[in-house]
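Chemist: Take a look at the following structure, please.
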Amino acid sequence: MSEAKIYDVPREWAEEAYVDNARYQAMYEASISDPEAFWGEHGKRIGWFEPYTRVKNTRFEPDVSIRWYEDGTTNVAWNCVDRHVAEHGDRTAIIWEGDDPSESRHISYRELASEVQRFANVLKGEGVKKGDRVTIYLPMIPEAAFAMLACARIGAVHSIVFGGFSPDSLAGRITDCGSTVVITADEGLRGGKRVPLKANVDAALAKVGGVSSVVVVKRTGAPVAMATGRDHFYADLAANVSDECPCEEMAAEDPLFILYTSGSTGKPKGVLHTTAGYLVYAAMTHQYVFDYRAGDIYWCTADVGWVTGHSYIVYGPLCNGATTLMFEGVPNYPSVSRFWEVIDKHQVTIFYTAPTAIRALMGAGEEAVKKTSRASLRLLGSVGEPINPEAWEWYHRVVGDHRCPIVDTWWQTETGGILISPLPGATRLKPGSATRPFFGVRPEIVDAEGNVLEGACEGNLVIADSWPGQMRTVYGDHQRFFDTYFSAYKGKYFTGDGCRRDEDGYYWITGRVDDVINVSGHRMGTAEVESALVAHELVSEAAVVGYPHDLKGQGIYAYVTLMAGSSGDETLRKELVGWVRREIGPIASPDLIQFAPGLPKTRSGKIMRRILRKIAEDDFGSLGDISTLADPTVVEDLIANRQNKP
Ligand code: ATP
Ligand code: MG
Numbered sequence: 284m285s286e287a288k289i290y291d292v293p294r295e296w297a298e299e300a301y302v303d304n305a306r307y308q309a310m311y312e313a314s315i316s317d318p319e320a321f322w323g324e325h326g327k328r329i330g331w332f333e334p335y336t337r338v339k340n341t342r343f344e345p346d347v348s349i350r351w352y353e354d355g356t357t358n359v360a361w362n363c364v365d366r367h368v369a370e371h372g373d374r375t376a377i378i379w380e381g382d383d384p385s386e387s388r389h390i391s392y393r394e395l396a397s398e399v400q401r402f403a404n405v406l407k408g409e410g411v412k413k414g415d416r417v418t419i420y421l422p423m424i425p426e427a428a429f430a431m432l433a434c435a436r437i438g439a440v441h442s443i444v445f446g447g448f449s450p451d452s453l454a455g456r457i458t459d460c461g462s463t464v465v466i467t468a469d470e471g472l473r474g475g476k477r478v479p480l481k482a483n484v485d486a487a488l489a490k491v492g493g494v495s496s497v498v499v500v501k502r503t504g505a506p507v508a509m510a511t512g513r514d515h516f517y518a519d520l521a522a523n524v525s526d527e528c529p530c531e532e533m534a535a536e537d538p539l540f541i542l543y544t545s546g547s548t549g550k551p552k553g554v555l556h557t558t559a560g561y562l563v564y565a566a567m568t569h570q571y572v573f574d575y576r577a578g579d580i581y582w583c584t585a586d587v588g589w590v591t592g593h594s595y596i597v598y599g600p601l602c603n604g605a606t607t608l609m610f611e612g613v614p615n616y617p618s619v620s621r622f623w624e625v626i627d628k629h630q631v632t633i634f635y636t637a638p639t640a641i642r643a644l645m646g647a648g649e650e651a652v653k654k655t656s657r658a659s660l661r662l663l664g665s666v667g668e669p670i671n672p673e674a675w676e677w678y679h680r681v682v683g684d685h686r687c688p689i690v691d692t693w694w695q696t697e698t699g700g701i702l703i704s705p706l707p708g709a710t711r712l713k714p715g716s717a718t719r720p721f722f723g724v725r726p727e728i729v730d731a732e733g734n735v736l737e738g739a740c741e742g743n744l745v746i747a748d749s750w751p752g753q754m755r756t757v758y759g760d761h762q763r764f765f766d767t768y769f770s771a772y773k774g775k776y777f778t779g780d781g782c783r784r785d786e787d788g789y790y791w792i793t794g795r796v797d798d799v800i801n802v803s804g805h806r807m808g809t810a811e812v813e814s815a816l817v818a819h820e821l822v823s824e825a826a827v828v829g830y831p832h833d834l835k836g837q838g839i840y841a842y843v844t845l846m847a848g849s850s851g852d853e854t855l856r857k858e859l860v861g862w863v864r865r866e867i868g869p870i871a872s873p874d875l876i877q878f879a880p881g882l883p884k885t886r887s888g889k890i891m892r893r894i895l896r897k898i899a900e901d902d903f904g905s906l907g908d909i910s911t912l913a914d915p916t917v918v919e920d921l922i923a924n925r926q927n928k929p
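First residue of the sequence shown? That's 284 in my numbering, and the numbers climb one at a time after it.
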């Protein structure tokens with residue numbers, strides 16, 4: 284592919300950001316040569332009840348054990364709430380923007396402290412004790428953050444299940460972690476539509492036992508069934524408790540939360556994160572990657588049901604005393620200008636979203652963006668998938684008016700925080716590249732045999748040593764933790780992602796290793812072909828998978844969604860094949876192109892390639908679990924229109 288453009292660090296960023304390139308190099312070097320000293324120093328960014336004396340105690344073989352700051356004690360809620368109240372109790376902690384543009388709310392750190400303590404007392408009243416698991420199934424309302432912090436305050440372990448998940452998915456996650464209490468709402472509100480959360484909880488609890496209490500927050504006020512003795516409205520319980528609740532003293536390695544991965548590659552794993560290392564890492568990456576400083580209005584558009592919402596809506600920003608915006612709605616309601624209008628309304632300075640949203644809004648045209656000001660913005664971020672250069676350029680030019688650097692942040696539920704990303708004052712940007720590792724992160728690229736590759740190369744991405752935000756285990760299945768992440772390459776954490784490193788040492792995530800296809804012996808990341816397709820002006824989205832091909836081993840099957848108003852025909856099909864051939868080379872030309880009105884996506888907006896692979900393989904019988912799809916009906920259309928001949 285043609286070599287990407289390079290964007291230099293704007294001068295004011297190099298001068299004013301926390302780190303410029305020289306400082307990045309020096310800090311990175313220090314973090315790798317002496318992790319003990321580096322993290323020993325940076326661990327002090329949070330407050331401790333008992334200070335730690337031992338910083339790092341980790342091993343990836345012959346078995347896995349990860350412990351950071353293990354003899355220290357602290358409390359996450361104390362760090363995210365209490366310690367800010369004395370210093371700046373009136374500062375807004377959370378700006379809540381409702382689904383309906385007329386609804387919003389500012390919650391100060393002082394109010395947050397009282398809400399969290401009240402919620403903590405409600406949970407105690409429901410019998411929740413340190414170590415108990417609490418399932419949270421809430422929409423994006425402030426109570427979601429209150430509930431998370433309330434659990435952290437009393438040492439309970441939360442497991443958030445995204446409000447878009449079905450009763451079956453919820454039931455599975457409740458059972459897997461053995462929750463006794465579920466926190467939900469009567470209904471959620473997204474894009475003007477109501478989501479029957481309480482009814483879903485009832486359906487889930489009809490299938491699984493063990494839950495003794497359901498706490499229901501009223502969001503819409505719709506009537507809901509309430510099981511006597513089991514179900515209580517939050518407001519009723521809250522009226523009878525005080526807003527003072529002491530913080531539990533937690534050991535650094537006590538569990539903080541369980542979060543199930545999105546399941547795009549199979550059965551979701553209960554990723555367990557613990558207290559201190561996670562918080563240090565989330566807060567530190569939030570500060571440096573977003574160059575966060577007091578006065579910023581920071582908005583991450585993720586849902587708290589995803590790890591991005593945990594680390595970069597709630598824990599990282601609040602630990603840093605930031606003002607974090609929480610958005611209940613969707614990007615296209617009431618219009619496709621909503622994101623940009625919210626930015627103007629609240630004077631957002633840092634905006635962090637996903638490529639899937641960017642591509643969708645790009646399809647809606649520039650005018651919807653350009654009619655808003657966005658003058659408050661200074662930095663943009665991307666997370667969740669590789670961002671194709673075309674979308675990157677649009678984000679930079681149209682949304683950021685050429686003014687705002689973009690941090691393309693690569694990380695995973697398992698990593699707790701960002702591992703590879705530009706730092707805006709330090710890193711020259713290449714559209715499509717997550718660029719360089721964060722402090723303390725040792726990425727390596729290995730081949731299938733585990734040989735470490737040097738210089739410019741392509742292979743599988745592994746991380747050679749632990750960092751404080753790393754997950755500690757798969758809940759209830761430590762063997763699965765080892766088998767999934769540490770057995771493929773001895774002594775290394777295997778990310779499951781394919782990656783290329785260029786001559787400048789920049790990392791380019793090529794997609795999941797499962798998505799790398801082998802065409803006539805040539806290894807190719809599907810992301811690269813997708814990116815070429817999306818660069819065509821009529822293409823809005825593309826997903827590429829391999830399928831068995833008599834001559835080539837694997838052929839390239841491309842699902843293509845066109846821009847609104849365009850229709851796919853033979854001429855366009857030929858044109859797209861020629862286009863990819865020119866952009867990447869003949870080896871990458873798609874063998875089959877299917878025009879698809881919609882692609883199967885997880886609720887977090889990621890394309891479920893395993894389903895597309897099955898369809899391309901003509902194997903419709905074993906599509907697996909499609910209940911976690913945002914819109915399962917797209918699958919039927921895809922099957923009905925499968926392409927058989929070029
Ligand atoms: P599951 O593991 O259950 O299949 P998932 O991997 O989709 O679910 P997450 O942990 O939310 O769940 O996503 C992490 C993955 O998302 C990464 O491994 C990578 O494939 C992709 N990803 C995230 N951010 C980026 C990025 N900036 N660039 C490229 N890929 C990214
Ligand atoms: Mg994953």
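Glycine included, every Cβ here is placed at the ideal spot set by N, Cα and C.
1. Quick one: grab the DSSP three-state call for LYS552.
2. Counting only the same chain and skipping the five closest in sequence on each side, list residues whose C-beta sits under 7 Å from that of THR955.
3. Out of ARG864, HIS819 and VAL491, which has the shortest C-alpha to C-alpha gap to LEU845?
4. Could you spell out where the beta strand (DSSP E) holding LYS476 opens and where it closes?
5. Say the cut is 8 Å; is the CB of THR756 nearer than that to a heavy atom of ligand 1?
6. Please indicate yes or no: does the CB of GLU668 lie closer than 8 Å to some heavy atom of ligand 2?
7. Check whether the Cβ atoms of GLY708 and VAL440 sit closer than 9 Å, and answer yes or no.
8. Take the Cβ of SER285 as the centre, count every other Cβ of all protein chains shown within 10 Å, and call the residue buried at 16 or more, exposed below.
9. How about GLN695 and THR544: are their beta carbons less than 9 Å apart?
10. Tell me the DSSP bridge mates of LYS258?
11. Would you identify the three-state DSSP class for MET284, choosing helix, strand or coil?
12. Whole angstroms are fine: how far does the CA of GLU532 sit from the CA of TYR311?
13. Could you check whether the Cβ of ASP780 sits closer than 8 Å to any heavy atom belonging to ligand 1?
14. Would you call the region 824-839 in contact with the region 857-876, where contact means no fewer than 3 C-beta pairs closer than 8 Å?
15. When you compare each of TYR830, LYS713 and ALA640 to ILE289 by their alpha carbons, which one comes out closest?
16. CYS583 lies in the beta strand (DSSP E); which residues open and close that run?
17. Applying the 10 Å Cβ sphere with the 16-neighbour rule, what's the burial state of LEU834?
18. DSSP three-state call for TYR420: helix, strand or coil?
19. Smallest Cα separation from GLY900: which of TRP351, MET609, GLY888 and GLY829?
20. Taking C-beta to C-beta, are LYS476 and GLY438 nearer than 9 Å?
21. Near GLU380, what residues of its chain come up, given a Cβ to Cβ distance below 6 Å and the 5 sequence neighbours on each side ignored?
22. Report the partner residues of TYR790 according to the DSSP bridge assignment.
23. Hey, would you say ALA637 sits closer than 9 Å to GLU668, going by beta carbons?
24. Looking at ILE443 and VAL491, is the spacing between their C-beta atoms short of 9 Å?
25. Between which two residues does the beta strand (DSSP E) harbouring THR606 extend?
26. Can you tell me the Cβ-Cβ gap for ILE349 and ALA559, rounded? I've got them flagged as a contact below 8 Å.
27. Starting from the Cα of CYS602, find the closest Cα among THR911, ALA376 and GLU344 and give me that residue.
28. Within the continuous alpha helix (DSSP H) that includes GLU727, where are the two ends?
29. Which residue marks the beginning of the alpha helix (DSSP H) containing THR458, and which one marks its end?
30. Rounded to a whole number of angstroms, what is the C-alpha to C-alpha distance between HIS685 and ASP526?
31. Only counting the same chain, and skipping five residues up and downstream in sequence, which positions put a Cβ closer than 7 Å to that of CYS687?
32. Would you give the residue range spanned by the beta strand (DSSP E) that ALA300 belongs to?
33. Mapping the DSSP letters down to three states, classify ALA566 as helix, strand or coil.
34. Helix or strand or just coil, what does DSSP make of GLU811?
35. Any chance you could list the beta strand (DSSP E) runs of at least 3 consecutive residues sitting entirely within the region 806-869, in chain order?
36. What would DSSP say about GLY664, mapped onto helix, strand or coil?
Modeler: From the atom records:
1. LYS552 falls in the coil class under three-state DSSP.
2. Within the shown structure, residues of the chain are numbered from 284 to 929, placing residue 955 beyond reach of any answer.
3. HIS819
4. 476-478 is the span of the beta strand (DSSP E), which, as asked, contains LYS476.
5. no
6. no
7. no
8. Here SER285 scores only 42 on pLDDT, less than 50, and its place in the model is too uncertain to base an answer on.
9. yes
10. This structure gives no information on residue 258, because the portion of the chain shown stretches from 284 to 929.
11. Bear in mind that the predicted position of MET284 carries a pLDDT of just 43, short of 50, making it unreliable; the figure below should be weighed with that in mind. In this structure, MET284 counts as coil in the three-state DSSP scheme.
12. GLU532 has its alpha-carbon roughly 32 Å from the corresponding atom of TYR311.
13. yes
14. yes
15. When each option's Cα is compared against that of ILE289, the closest is LYS713.
16. 580-583
17. exposed
18. strand
19. First, the amino acid is wrong: residue 900 is Glu here, not Gly. Answer by Cα proximity: GLY829.
20. Contact annotation: LYS476 and GLY438 have beta-carbon atoms that are not nearer than 9 Å.
21. SER387, PHE610 and VAL625
22. THR718 and ARG784
23. yes
24. no
25. 606-610
26. Taking the Cβ atoms as the reference, ILE349 lies roughly 12 Å from ALA559, outside the contact range of under 8 Å.
27. ALA376
28. Careful: GLU727 lies outside any alpha helix (DSSP H), inside the beta strand (DSSP E) at 726-729.
29. 450-460
30. Near 47 Å, if we compare the C-alpha coordinates of ASP526 and HIS685.
31. LEU660, ARG661, LEU662 and LEU663
32. Taken as a continuous stretch (DSSP letters only), ALA300 belongs to no beta strand (DSSP E), as it is neither H nor E.
33. helix
34. helix
35. 822-832 and 836-845
36. It is a strand residue.
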